[in-house]
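Chain order of the listed sequences is Z and U.
For the first sequence, this note's numbering begins at 79 and goes up steadily by one.
For the second sequence, this note's numbering begins at 67 and goes up steadily by one.
Think of the CB as a built atom: it goes at the ideal place given N, C-alpha and C, for glycine as much as any other residue.
All of these numbers come straight from a predicted model, not from anything done at the bench.
Here's the structure we're looking at; comments come further down.
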Amino acid sequence: MQYQSQSVAKLYFIAAIGLFVGQILFGLVLGLQYVIGDFLFPEIPFNVARMVHTNLLIVWLLFGFMGAAYYMVPEEAETELFSPKLAVLLFWIFLVAGALTVLGYLLVPYATLAEITGNKLLPTMGREFLEQPTITKIGIVIVALGFLFNISMTILKGRKTAISMVLLLGLWGLAVFFLFSFYNPDNLVLDKYYWWWVVHLWVEGVWELILGAILAFVLIKVTGVDREVIEKWLYVIIALTLITGIIGTGHHYYWIGTPEYWQWWGSVFSALEPIPFFAMVIFAFNMVNRRRREHPNKAAILWALGTSVMAFLGAGVWGFMHTLAPVNYYTHGTQITAAHGHMAFYGAYVMVVLAIISYAMPILRGRAAANSNKSQVMEMWSFWLMTVAMVFITLFLTGAGVLQTWLQRVSDNPQPFMVVQEQIAIFYWMREIAGVVFLIGLVLYIWSFFIGGEEQTVNA
Amino acid sequence: MSDKFTKSMARNIFYGGAVFFFLLFLALTYDSSRAFPDRDHRQNITEKVALGKAIWERNDCIGCHTILGEGAYFAPELGNVYKRFGNSKEAIIAFIKSRPKEGVPGRRSMPQFNLSDEELDAVAEFLKWSSEINTANWPPNIQG
Ligand code: HEM
Ligand code: HEM
Ligand SMILES: [Fe+2]
Chain Z
79 MQYQSQSVAK LYFIAAIGLF VGQILFGLVL GLQYVIGDFL FPEIPFNVAR
129 MVHTNLLIVW LLFGFMGAAY YMVPEEAETE LFSPKLAVLL FWIFLVAGAL
179 TVLGYLLVPY ATLAEITGNK LLPTMGREFL EQPTITKIGI VIVALGFLFN
229 ISMTILKGRK TAISMVLLLG LWGLAVFFLF SFYNPDNLVL DKYYWWWVVH
279 LWVEGVWELI LGAILAFVLI KVTGVDREVI EKWLYVIIAL TLITGIIGTG
329 HHYYWIGTPE YWQWWGSVFS ALEPIPFFAM VIFAFNMVNR RRREHPNKAA
379 ILWALGTSVM AFLGAGVWGF MHTLAPVNYY THGTQITAAH GHMAFYGAYV
429 MVVLAIISYA MPILRGRAAA NSNKSQVMEM WSFWLMTVAM VFITLFLTGA
479 GVLQTWLQRV SDNPQPFMVV QEQIAIFYWM REIAGVVFLI GLVLYIWSFF
529 IGGEEQTVNA
Chain U
67 MSDKFTKSMA RNIFYGGAVF FFLLFLALTY DSSRAFPDRD HRQNITEKVA
117 LGKAIWERND CIGCHTILGE GAYFAPELGN VYKRFGNSKE AIIAFIKSRP
167 KEGVPGRRSM PQFNLSDEEL DAVAEFLKWS SEINTANWPP NIQG
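Printed below as a string of structure tokens:
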């Protein structure tokens, strides 16, 4: 560790992994409820388990991004963090607020939670991914502002690299677009239109800047390739991202009461969105091939390469599959969407956070440059188990989605939703089994942290 | 990448492209806003419809259902349920009202929300209004 204050990142990374476990456990509950409809009913209805699953996902990824920023920015700016104390304080505020919110979901009916948190004063709850009570949302904004202040001040007083500027821009964008979660008009069409300014402009916009910056940072460290080259790639990738992705929002404006020209704008621009993801694959493999040093942290390199490939498959290929309006007309809101959502989130954001954790954690723990061989082997096993499990989750959901689309929407005798669901239950069972494998992979991942042995040092 | 193409060129394309396409997006948003009233028939958003949307949100119906294809994929699409139920608010109300508290054994279950008559009527009115949005003929058929 070059700067003492980078050590705050460790707290954030540990919390991220802890919440990740919670997310997956609730994922397994959801998966069982799909096939055993009354499992845990009425104690934990499906919608409650789902909001816990998705909100934990978002929150642990945010912890991961913040940890990444606290680790990367001092090193990039070549100065200590503006205020490590503020970083620790905000960590605890965010963790406690998050825990209270999840407990609120689980312990009282949602309508009661809405009432006791004063949702009536400023109704923002009850929309997908934005289920948090309004006061939690305000808390998120306050934490985000404190965090951005801390990071911005650090960059201002130090060296300004392309990587830290892109990271900063992504993080500011994340906070700014979140503000649209406070806009909730009575008109459902408007509500949906601007809801996507949070959701789409996050995952296919500003978050990709964060993804690119983290990936570029890890690649510089593990390959030793010239910064000029890596930062040029970074700019090209994120330029492609925003040029395609902003108007690409239109792929959500086909059937929600928006003008029909969006079918053209959305289809054309979002069809180009896979390009930056493809560029990311070329970038990552190129840099590793042209490496100037043999970094001993093989696991981190694996995660970095893996994230580029899986993001391309999940977001690029599975996104393209249903993004053209004539296809989306039939697949909109089916298991195809769920298949894509899972692989894209895993490939792009879960894996990049695990990549920076894999790179930074040994250093934060005062180990030389990398964990022992034994520990890395275990980590790589967890990489393959989780990644292959996610591929199968995606394939099974895609199978379910194709059949669902056919039976319910395309065939001559369209059948009711519930009737169709029963016929495709076998796919949900197989998804659940793949989910258990995913959990085993996650357990091995955590286990790898507790394996000691001889540490690896850099041989440049 | 070629050496003639420098980092600062790439940076300029990034900033220029981002600003240009964001402005284009705002322009399209402005144009859409002028087209919305025709498609969302907002003149029919009564107090009751607004209350219905609030109840929809307060009970997180979106956590199991989709509406206009967005939400969760666990339970039927509700954007067109008014039509599927034979253009009947009463049928919707009866369905919501009759959910058993302990669920239906072995079957995906919907909670009993204990809504008042006024709330039930408002939710049904909201679903009726939703079914009349111009969605470019989506969903493909009545099953949603
Ligand atoms: C890492 C990047 C991405 C992530 C994390 C992601 C995630 C998601 C998620 C979670 C949804 C479901 C939203 C909902 O619940 O309603 C979704 C929908 C969608 N995504 Fe992506 N996505 C990404 C990139 C892409 C790309 C690059 C494309 C196109 C090439 C794409 C095309 C779509 C489409 C068309 C839908 C709407 C599906 C429907 O009609 O039901 N996505 N995405
Ligand atoms: C054990 C593995 C997992 C299982 C069994 C599982 C199961 C589920 C289920 C049943 C849903 C609800 C689908 C619906 O609305 O009907 C869901 C939603 C979701 N899960 Fe998972 N999940 C798992 C792992 C993950 C992972 C690792 C991620 C992140 C990378 C993730 C991200 C999501 C997202 C983004 C949604 C919202 C989907 C959408 O709206 O398209 N899940 N999950
Ligand atoms: Fe999107």
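Exercise. Of all Cβ atoms in chain U, is any one closer than 8 Å to the Cβ of Arg369/Z?
Worked result: Residue mapping note: residue 369/Z aligns to position 291 of the first sequence, counting from 1. Output row for Arg369/Z: interface = no.
For this session: Quick one: give me the first and last residue of the alpha helix (DSSP H) that Tyr408/Z is part of.
Result: Position 330 of the first sequence, counting from 1, holds the residue named residue 408/Z. Where Tyr408/Z is concerned, the enclosing alpha helix (DSSP H) stretches over Ala403 to Thr409.
Exercise. Closer than 6 Å from C-beta to any heavy atom of ligand 3: which residues, in chain order?
Worked result: His278/Z, Glu282/Z, His329/Z and His330/Z
Exercise. Can the beta-carbon of Met464/Z be found less than 8 Å from the beta-carbon of Gly519/Z?
Worked result: In the first sequence, counting from the first residue as 1, residue 464/Z sits at position 386. In the first sequence, counting from the first residue as 1, residue 519/Z sits at position 441. Yes, the pair counts as a contact, with Cβ atoms nearer than the cut-off.
For this session: Could you run through the stretch 111-131 of chain Z and flag, in chain order, every residue whose CB is less than 8 Å away from some CB of chain U?
Result: Going along the stretch 111-131 of chain Z in chain order, one finds Gln111, Tyr112, Ile114, Gly115, Asp116, Phe119, Pro120, Pro123, Phe124, Asn125, Val126, Arg128 and Met129 with a Cβ nearer than 8 Å to chain U.
Problem set entry | Inter-residue spacing [alpha-carbon to alpha-carbon] between Gly105/Z and Asp69/U | Against the first sequence, residue 105/Z aligns to sequence position 27. Against the second sequence, residue 69/U aligns to sequence position 3. Approximately 48 Å between the Cα atoms of the pair.
For this session: Tell me where the alpha helix (DSSP H) around Arg369/Z begins and ends.
Result: The count along the first sequence starts at 1 and reaches residue 369/Z at position 291. It is not in any alpha helix (DSSP H) - Arg369/Z carries neither H nor E in the DSSP assignment.
Problem set entry | ligand 1 heavy atom lying under 7 Å from the CB of His400/Z | As a first step, residue 400/Z is located in the first sequence; it is residue number 322 there, counting from the start. Indeed, a heavy atom of ligand 1 lies less than 7 Å from the Cβ.
For this session: Give a yes or no on contact between the stretch 201-218 of chain Z and the stretch 133-145 of chain Z, applying the rule of three or more CB pairs nearer than 8 Å.
Result: Two segments are said to touch when three or more pairs of C-beta atoms, one from each, lie closer than 8 Å; by this definition the stretch 201-218 of chain Z touches the stretch 133-145 of chain Z.
Problem set entry | Cβ neighbours of Ser85/Z in the same chain (closer than 7 Å, five flanking residues each side left out) | Translated into the one-based positions of the first sequence, residue 85/Z becomes position 7. The answer, listed in chain order, is Met79 and Leu442.
Exercise. Within this structure, are the beta carbons of Gly129/U and Gly411/Z separated by less than 8 Å?
Worked result: Within the second sequence, numbered from 1, the residue matching residue 129/U stands at position 63. Within the first sequence, numbered from 1, the residue matching residue 411/Z stands at position 333. No; because the gap between Cβ atoms is not below 8 Å, this pair is not in contact.
Exercise. Would you say Phe151/U faces chain Z, with C-beta separation under 8 Å as the test?
Worked result: For the purposes of this step, residue 151/U is taken as residue 85 along the second sequence, with counting starting at 1. It does not; no Cβ of chain Z falls within 8 Å.
Exercise. Does ligand 2 have even one heavy atom less than 7 Å from the beta-carbon of Tyr112/Z?
Worked result: Taking the first residue of the first sequence as 1, we reach residue 112/Z at position 34. Because some heavy atom of ligand 2 lies under 7 Å away, the Cβ of Tyr112/Z counts as near it: yes.
Exercise. Would you report the Cα separation of Ile92/Z and Phe474/Z, rounded to the nearest angstrom?
Worked result: One-based indexing of the first sequence puts residue 92/Z at position 14. One-based indexing of the first sequence puts residue 474/Z at position 396. Distance between the alpha carbons of Ile92/Z and Phe474/Z is about 31 Å.
Exercise. Can you tell me the Cα-Cα spacing of Ser161/Z and Tyr523/Z, whole angstroms?
Worked result: Reading the first sequence from its first residue, position 83 is the one you call residue 161/Z. Reading the first sequence from its first residue, position 445 is the one you call residue 523/Z. One C-alpha to the other measures close to 31 Å.
For this session: Indicate, with yes or no, if ligand 2 has a heavy atom lying under 7 Å from the CB of Ala138/U.
Result: Position 72 of the second sequence holds residue 138/U. Ala138/U Cβ: within cutoff of ligand 2.
Exercise. Taking the alpha-carbon positions, what's the Ala538/Z to Asn451/Z distance?
Worked result: Numbered from its first residue, the first sequence carries residue 538/Z at position 460. Numbered from its first residue, the first sequence carries residue 451/Z at position 373. At Ala538/Z, the pLDDT of 45 sits below 50, so the modelled position is not reliable and the matter cannot be decided from this model.
Problem set entry | Coil, strand or helix - Ala538/Z by DSSP | Residue numbering aside, residue 538/Z sits at position 460 when the first sequence is read from its first letter. Summary for Ala538/Z: the model assigns pLDDT 45, below 50, so the residue's position carries little reliability, and this model does not support an answer.
Problem set entry | Own chain partners of Gly96/Z with C-beta closer than 6 Å, once the 5 adjacent residues on each side are dropped | Position 18 of the first sequence, counted from the first residue, corresponds to residue 96/Z. Excluding positions up to five away in sequence, the list is empty.
For this session: State yes or no: is the beta carbon of Gly335/Z nearer than 8 Å to at least one beta carbon in chain U?
Result: As a first step, residue 335/Z is located in the first sequence; it is residue number 257 there, counting from the start. Yes, contact with chain U.
Problem set entry | CB of Gly323/Z within 8 Å of CB of Leu287/Z, strictly | By one-based count along the first sequence, residue 323/Z stands at place 245. By one-based count along the first sequence, residue 287/Z stands at place 209. Result no, Cβ atoms of Gly323/Z and Leu287/Z do not sit closer than 8 Å.
Exercise. So what's Ala28/U in DSSP terms, helix, strand or just coil?
Worked result: Residue 28/U is absent from the model: chain U starts at 67 and stops at 210.
Exercise. Does the separation of the CB atoms of Gln341/Z and Ala403/Z fall below 8 Å?
Worked result: Translated into the one-based positions of the first sequence, residue 341/Z becomes position 263. Translated into the one-based positions of the first sequence, residue 403/Z becomes position 325. Taking 8 Å as the Cβ cut-off, Gln341/Z and Ala403/Z qualify as a contacting pair.
For this session: Using the Cα positions of Gln101/Z and Glu309/Z, report the straight-line distance between them to the nearest angstrom.
Result: Looking up residue 101/Z in the first sequence gives position 23. Looking up residue 309/Z in the first sequence gives position 231. C-alpha separation (whole angstroms): 34 Å.
For this session: Would you mind reading off the limits of the alpha helix (DSSP H) that contains Asn491/Z?
Result: Residue numbering aside, residue 491/Z sits at position 413 when the first sequence is read from its first letter. Counting along the chain, Asn491/Z falls outside any alpha helix (DSSP H), and DSSP gives it neither H nor E.
Problem set entry | Arg540/Z: contacting residues in chain U (beta-carbon distance under 8 Å) | In this structure chain Z extends from 79 to 538, so residue 540/Z is not present and cannot be described.
Exercise. When Cβ atoms are compared, which residues of the stretch 284-300 of chain Z fall closer than 9 Å to chain U?
Worked result: Near chain U, meaning a CB-to-CB distance below 9 Å, no residue of the stretch 284-300 of chain Z qualifies.
Exercise. Between Leu94/U, Ala84/U and Lys73/U, which lies nearest to Trp343/Z when the distance is taken from Cα to Cα?
Worked result: Counted from its first residue, the first sequence places residue 343/Z at position 265. The residue with the shortest Cα to Cα distance from Trp343/Z is Leu94/U.
Problem set entry | 8 Å Cβ cutoff, His410/Z in contact with chain U | By one-based count along the first sequence, residue 410/Z stands at place 332. At a cut-off of 8 Å between C-beta atoms, His410/Z counts as an interface residue with respect to chain U.
Exercise. Among Leu90/U, Met67/U and Ser74/U, which has the Cα closest to the Cα of Ile325/Z?
Worked result: Position 247 of the first sequence, counted from the start, is the residue given in the question as residue 325/Z. It is Leu90/U whose Cα lies nearest to the Cα of Ile325/Z.
Exercise. Does ligand 2 have even one heavy atom less than 7 Å from the beta-carbon of Val428/Z?
Worked result: Translated into the one-based positions of the first sequence, residue 428/Z becomes position 350. Val428/Z: yes, Cβ under 7 Å from ligand 2.
Problem set entry | Residue-chain proximity (Ala538/Z, chain U), Cβ-Cβ < 8 Å | What you label residue 538/Z is simply residue 460 of the first sequence in a count that begins at 1. Confidence in Ala538/Z is poor, its pLDDT being 45 and thus under 50, which makes the residue's placement too unreliable to answer from.
Problem set entry | As assigned by DSSP and simplified to three states, the class of Ala349/Z | By one-based count along the first sequence, residue 349/Z stands at place 271. Residue state, collapsed to three classes: helix.
Problem set entry | Interface residues of chain U facing Asn228/Z [CB-CB closer than 8 Å] | Looking up residue 228/Z in the first sequence gives position 150. Within chain U, no residue has its CB atom less than 8 Å from the CB of Asn228/Z, the nearest being about 25 Å off.
Exercise. Exposed or buried, which one is Pro374/Z when buried takes at least 16 other CB atoms within 10 Å?
Worked result: As a first step, residue 374/Z must be located in the first sequence, where it is residue number 296. So Pro374/Z counts as buried.
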